[in-house]
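Participant: Can you keep this structure in mind? I'll have questions shortly.
Numbering (my numbering), first residue to last: 1 to 232.
Structure representation (C-alpha cells):
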C-alpha cells in the first residue's frame, strides 16, 4: 500500500506527472528526429522504445478516443404505459429522495436542482435522449410531480446550476497511459504474485482429489427402452 504522508503524496503525484510526459516527449522526439538531424543520439534501445510510445499514442490511443466519442445507439423507448411502470418501480424504491437526486446530480446542492433539471434527467432516463420534444411534456410533468410528492415540497421553477449524470450522452473522458506505465504494472504484478503465491499456476490434478468417478460409456447410450426393460 502507498504511504499516507505528504512526501508520499508528492512522490506519487510527481511520478504520475512524469509518466504522463512520456507520450508527448516521445512524439516530439520522433517527429524532430525524422525532420532534422539532432546534435545528440539516444541509445538504439531507447530510440526504439520512444518510437513505440509515439506509435501507441498516435495509432492506438487517439483513434480509440475518437471512436468512443461517437453518439450512443439507444434502443427504441418503450411505450408510455411501460415507461410509467418503470418509473413507478424506481419511485417506490427510493428511501431518501433528496439524497437520490443529489447523487444523480453529482452531489449538487438541492437548491440547485430545479424542475427543468429534473426533467432533463427524465428525458435521458426514460426516453433515451437529450433532445426535448413537446409531445412528452405532459408525461414528464407527471413524473416531476411524483418526485415532488416524495420530497414533500415543490421544486423551484427553471433550471439551476446542477448537471445530472446522463452516461450515454456525455463525453467519454479518457486518460492516456504510456507503454512504460503498463510495463511497470506488469512487472509489479508479476513480482507480487511470485512473492505472495510462488506456486501460482496450473496445478496437476491427482487421483486422490477426484471425488466422483468419470462417467461410464453406457450413460451416453442409455435409452428409454432400457428404462422399460428395468420396470417391473
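Idealized CB from N, CA, C, for every residue including glycine.
Just to check my reading of the structure: residue 161 and residue 112 have Cβ atoms closer than 8 Å, yes? What is that Cβ distance to the nearest angstrom?
Facilitator: About 5 Å separates the two Cβ atoms, so the contact holds.
Participant: Given a cut-off of 8 Å, decide if residue 53 and residue 155 are closer than it, judged by their beta-carbon atoms.
Facilitator: For residue 155 and residue 53, no; Cβs fall outside 8 Å.
Participant: Within 10 Å of its beta-carbon, does residue 96 have 16 or more other beta-carbons around it, so buried, or fewer, so exposed?
Facilitator: It counts as exposed.
Participant: Do residue 130 and residue 159 count as a contact pair if the criterion is CB distance below 8 Å?
Facilitator: No, Cβ-Cβ distance for residue 159 and residue 130 is not below 8 Å.
Participant: Between residue 58 and residue 27, which are expected to be in contact by the criterion C-beta below 8 Å, what is the C-beta distance as a whole number of angstroms?
Facilitator: Going by Cβ atoms, the distance from residue 58 to residue 27 rounds to 7 Å, so yes, they are a contact pair.
Participant: Would you grab the beta carbon distance between residue 135 and residue 115 for me? Rounded to a whole angstrom, and I think it's under 8 Å.
Facilitator: Incorrect: roughly 18 Å between the Cβ atoms, too far for contact.
Participant: With a floor of 4 residues, list each alpha helix (DSSP H) that falls wholly inside the stretch 121-148, ordered by position along the chain.
Facilitator: The stretch 121-148 contains no whole alpha helix (DSSP H) run of 4 or more residues.
Participant: Thinking C-beta only, is residue 121 closer than 8 Å to residue 184?
Facilitator: Their beta carbons are not under 8 Å apart, which means residue 184 does not touch residue 121 by this criterion.
Participant: Going straight from the alpha carbon of residue 78 to that of residue 84, what length do you get?
Facilitator: C-alpha separation (whole angstroms): 10 Å.
Participant: Round the Cβ separation of residue 181 and residue 19 to the nearest angstrom and send it over; I've been treating them as touching at under 8 Å.
Facilitator: That belief holds up - the Cβ atoms of residue 181 and residue 19 are roughly 5 Å apart, short of 8 Å.
Participant: Would you check if the distance between the CB atom of residue 128 and the CB atom of residue 74 is smaller than 8 Å?
Facilitator: A contact, by the Cβ cut-off of 8 Å.
Participant: What's the gap between the Cα of residue 101 and the Cα of residue 8?
Facilitator: Near 37 Å, if we compare the C-alpha coordinates of residue 8 and residue 101.
Participant: Taking only three categories from DSSP, how would you classify residue 178?
Facilitator: Residue state, collapsed to three classes: coil.
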